[in-house]
Amino acid sequence: MKTDVANNNTVNSENSHITDSLKGKPADEIKVVKGVRRTLQPLQKTAGDKENLVGAGRSPMPPNKEKLSVLSDVKPSKKLKPAEPRRVTIEDLTTNAQPSGEYWEALAERRRVALEKALEENQRLSERIAVLEEENAQANSLLQESRQIVEALTELLQEK
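Here the sequence shown is numbered in my numbering, starting from 35 and rising by one per residue.
Dropping the structure here:
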């Protein structure tokens, strides 16, 4: 914000170029033009000006008098949904009666999935162990060779 001391007016810095061009003109010659009121349509940035937004420039569409029959033409398809197994209820778990067959099937399926995951993890870990043991054997052989070289070099240095 900057203040015009001569007229005691507060002017936005954005509009300072307008007020500078109006200095020296009589007050009756200055017209105040308000901007065009924008609708609530989405606004977009102009390519040249990054600070100001402009409307999309849409014009109102003429109303159609004929009704759209899109929804009335569509017929629901008769798809069969697979029968969902009955869910295990609280009564199945809390009564003294034997659990239903679905309970045992669900329990067996959960155990099968857990066992499959455990077997896959064991397979992956055993492969990793084999690779690490091979690397360890190679490192030990390199260590033995380097010890032999160090011993040979120390003997040569002691002889000199």
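Glycine residues also receive a C-beta, built at the ideal position from the N, C-alpha and C atoms.
Identify whether residue i lies in helix, strand or coil by the three-state DSSP scheme.
i	result
lysine 151	helix
serine 160	helix
threonine 123	coil
aspartate 38	Low per-residue confidence applies at aspartate 38: pLDDT is 48, beneath 50, and the placement is therefore not dependable, though the value from the model is reported in the following sentence. Strand.
asparagine 130	coil
glutamate 118	coil
Sorted by chain position, which residues of the same chain lie with C-beta nearer than 8 Å to residue i's C-beta, five sequence neighbours on each side aside?
i	result
lysine 194	none
Just to confirm my understanding: we take residue i, look at its own chain, exclude 5 residues before and 5 after, and list those with CB closer than 6 Å. What are they?
i	result
threonine 188	none
Can you list, in chain order, the residues of its chain with a C-beta nearer than 7 Å to that of residue i? Leave out the 5 residues immediately preceding and following it.
i	result
serine 160	none
Could you tell me whether the segment 134-142 touches the segment 118-126, where touching means 3 or more Cβ pairs closer than 8 Å?
With the cut-off at 8 Å, the segment 134-142 and the segment 118-126 touch.
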